[in-house]
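Protein chains in written order, with my numbering: chain A, 7 to 218; chain B, 7 to 218. Glycine residues also receive a C-beta, built at the ideal position from the N, C-alpha and C atoms. Keep in mind that this is a model prediction, so the values were computed, not measured. Step one of this worksheet: look at the structure below.
Number of protein chains: 2
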Amino acid sequence: MMQLFGYFRSSAAWRVRIALHLKGIAAEQQFRHLRRDEQRAPEFLALNPQGLVPALRLADGAVLTQSLAICEYLEETHPAPPLLPAEAAPRARVRAFAQAIACEIHPVQNLRVLNRLKALGLNQDQANAWAHDTIAEGLAACEALARADGAGPFCFGDRPGLADLCLVPQIYNARRFGVELNAMPRLLAAEAACLTMPAFTETAPERQPDAE
Amino acid sequence: MMQLFGYFRSSAAWRVRIALHLKGIAAEQQFRHLRRDEQRAPEFLALNPQGLVPALRLADGAVLTQSLAICEYLEETHPAPPLLPAEAAPRARVRAFAQAIACEIHPVQNLRVLNRLKALGLNQDQANAWAHDTIAEGLAACEALARADGAGPFCFGDRPGLADLCLVPQIYNARRFGVELNAMPRLLAAEAACLTMPAFTETAPERQPDAE
């Protein structure tokens, strides 16, 4: 059986939990506590030299890293239900939305960056404002990307996919940092559609065994 | 003909220039000057609400954004020569390496983030140290990822691909910020192999019409 190394509050690990659930793939969950730096322990660095969760160990022992690369692997090896549309240009739009979160928002507001800001002398309020502004600006662009695509209810069409599994954890973080979401009705509608599904609710941070 | 909106010094735009060149796809280049905030102009925001380069306008007028999503589109529509291996697990490893740069290093050291640091009162030396440390730590992980794969000479095997087109622009930035690369022989060898190829050298920042 696959093993997923994660952390309850990691947005990137949550993405993979959603993808596994949507596709009905069983995986044993292992947890590494990011606030205790367990992802920097030598035994974990041997698995993933980046020292990051998620990491997915396959049945043959091979280890895959980076949440979107893992999701693409799951898509290629377990095509149904699909996380991406069938045609190239729509696939690119869904991937761009996912990357607008995974490359532009999340890495700039994650725990590691906020800790670095504080190490440079900024206070907690300044770190929180940094995260708030990063998320607010990034999600405003995502709202425009989703609106350009059509009516939803999900980010792209009538089923959840790679965009949605990035969006829901990012909105969760947005609320933690007090981001005003009322100007993003298209994203809120996509989130609401997702949160009717066990793939999103049962994989939520507070439902994980390592939640605090 | 496709139109690529870029900026000579944008790592993400350079990635797409390399992909287009490797695949022999013609595209008209348009430039938006990031230090003059031209990517925030209304006419460009209408193309890409993220206000980022690169953006690729297809012959039918559709606009694709996010460099890795654009590269995946080019891979799906112009499969030869391939940017990814054929099998799912090796594809995931190449994508993970690309994302280790595109999601973990580049967004944390780009011009936008460094400008925000300075707006918070940090000086230029502190901003440069932030970029230096982000790149040094991230590339050390990439060195381990490439070493785990084998002998090269490219990041993954005997032809350049998605990993290499992320690596070469990131090493270019590493040098700008004085990152010591001697402990990364596998990455330096991959860069050297790439820099024998016009797809990497003719697309370099200093060879672009908007270079300063």
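Kindly list the residues whose CB is nearer than 7 Å to the CB of A104/A, restricted to its own chain and excluding five residues on each side of it in sequence; keep chain order.
Closer than 7 Å at Cβ, skipping near neighbours: L74, L168, A169, C172.
Entirely within the stretch 142-188 of chain A and at least 4 residues each: give me those alpha helix (DSSP H) ranges in chain order.
The stretch 142-188 of chain A contains these whole alpha helix (DSSP H) runs: 168-182.
So for Q35/B, helix, strand or coil by DSSP?
If DSSP states are grouped into helix, strand and coil, Q35/B belongs with the strands.
Please report the straight-line C-alpha distance between V174/A and T202/B, rounded to a whole angstrom.
Each residue's Cα considered, the two are about 44 Å apart.
Other residues of its chain near I107/B: CB distance less than 6 Å, five sequence neighbours each side excluded:
Excluding sequence neighbours, I107/B sits near C172, Q176.
In three-state terms, what does DSSP make of A61/A?
Strand.
Go ahead and label R181/B buried or exposed: buried means 16 or more other beta carbons lie within 10 angstroms of its beta carbon, across all protein chains shown.
With fewer than 16 other Cβ atoms within 10 Å, it is exposed.
Is C161/A close to chain B? Criterion is C-beta to C-beta, closer than 8 Å.
No, C161/A lies away from the interface with chain B (no Cβ there is under 8 Å from its Cβ).
Residues of chain A with a CB under 8 Å from the CB of V114/B: which are they?
V114/B reaches chain A at P113, V114, V119, counting residues in chain order whose Cβ is nearer than 8 Å.
Determine whether the Cβ of R21/B lies closer than 8 Å to any Cβ atom of chain A.
Cβ-Cβ to chain A under 8 Å: no for R21/B.
Can you give me the Cβ contacts of R46/A inside the same chain, cut-off strictly under 7 Å, excluding the 5 residues immediately before and after it?
The residues are G57.
R101/A and Q72/B closer than 8 Å at C-beta
Yes, the Cβ-Cβ distance between R101/A and Q72/B is below 8 Å.
Jot down the residue ranges of each uninterrupted alpha helix (DSSP H) in the stretch 84-143 of chain B, minimum 4 residues, whole runs only, in chain order.
DSSP assignment within the stretch 84-143 of chain B yields the following whole alpha helix (DSSP H) runs of 4 residues or more, N-terminal first: 94-105, 112-115, 117-125.
Below 8 Å CB to CB, which residues in the same chain sit around L193/B once its five sequence neighbours on both sides are set aside?
Counting only residues of its own chain and dropping the five nearest sequence neighbours on each side, L193/B has a CB closer than 8 Å to the CB of L145, C148, E149, A152, C161, L173, I177, L187.
Among residues of its own chain, excluding the 5 on either side of A18/A, which ones have a beta-carbon nearer than 6 Å to its beta-carbon?
Once the five neighbours on either side are set aside, the close Cβ partners of A18/A are P60, S73.
Listed in chain order, which residues of the stretch 173-198 of chain A have Cβ atoms closer than 9 Å to some Cβ of chain B?
Shown here is that no member of the stretch 173-198 of chain A has a Cβ falling below 9 Å from a Cβ of chain B.
If you reduce the DSSP assignment to three classes, tell me which class L201/A lands in.
The DSSP-derived three-state label of L201/A is coil.
For P91/A, the nearest candidate out of Q115/A, P166/A, K124/A, T83/A (CA to CA)
Taking each of Q115/A, P166/A, K124/A, T83/A in turn and checking the Cα distance to P91/A, the smallest one comes out for P166/A.
Verify the CB distance criterion: does P91/A have a CB-CB separation below 8 Å to chain B?
No, because no Cβ of chain B sits closer than 8 Å to the Cβ of P91/A.
Taking the beta carbon of L128/A as the centre, do at least 16 other beta carbons fall within 10 Å, making it buried, or is it exposed?
Flag for L128/A reads buried.
Taking just the CA atoms, how far does L89/B sit from M7/B?
One C-alpha to the other measures close to 22 Å.
Going by C-alpha distance, which of N134/B, L64/B, R97/B, V69/B is nearest L51/B?
In terms of Cα proximity to L51/B, the closest of N134/B, L64/B, R97/B, V69/B is V69/B.
Coil, strand or helix - F14/A by DSSP:
In the structure shown, F14/A sits in coil (DSSP, three-state: anything other than H, G, I, E or B).
Could you say if the stretch 134-144 of chain B and the stretch 198-212 of chain B meet the contact criterion of at least three C-beta pairs nearer than 8 Å?
These segments do not touch.
Per DSSP, L70/A forms a beta bridge with which residues?
L70/A pairs with L62/A.
Counting only beta-carbon separations shorter than 8 Å, does E49/B have a partner in chain A?
Interface flag for E49/B against chain A is unset, since no Cβ pair is found closer than 8 Å.
8 Å Cβ cutoff met for W136/B and L123/B:
Yes. Within cutoff.
What's the gap between the Cα of G184/A and the Cα of A199/A?
Within the model, the alpha-carbon separation for G184/A versus A199/A is close to 22 Å.
Beta carbon of L171/A: closer than 7 Å to some heavy atom of the ligand NAD?
Absent from the structure shown: the ligand NAD. Ligands present: none.
Mind listing the chain B neighbours of Y13/A? Cutoff is C-beta to C-beta under 8 Å, in chain order.
The contact set of Y13/A on chain B, defined by CB atoms closer than 8 Å, is empty, because the minimum CB distance reaches about 16 Å.
Please state whether the Cβ-Cβ distance between L28/A and P87/A is less than 8 Å.
Yes, they are a contact pair.
Could you run through the stretch 67-85 of chain A and flag, in chain order, every residue whose CB is less than 7 Å away from some CB of chain B?
For the stretch 67-85 of chain A, which is checked against every Cβ of chain B, the residues closer than 7 Å are A68, L70, T71, Q72, L74, A75, I76, E78, Y79, E82, T83.
For a contact meaning CB atoms closer than 9 Å, what does L64/A contact in chain B?
In chain order: A95.
Beta-carbon proximity list for P237/B, same chain, < 6 Å, skipping 5 on both sides:
No information on residue 237/B is available, as it lies outside the stretch 7 to 218 that chain B covers here.
Could you tell me whether the Cβ atoms of Q132/B and L126/A are closer together than 8 Å?
Going by C-beta atoms, Q132/B is nearer than 8 Å to L126/A.
Does any residue of chain A have a CB that is nearer than 8 Å to the CB of R101/B?
Proximity of R101/B to chain A, defined by a Cβ-Cβ separation below 8 Å, is satisfied.
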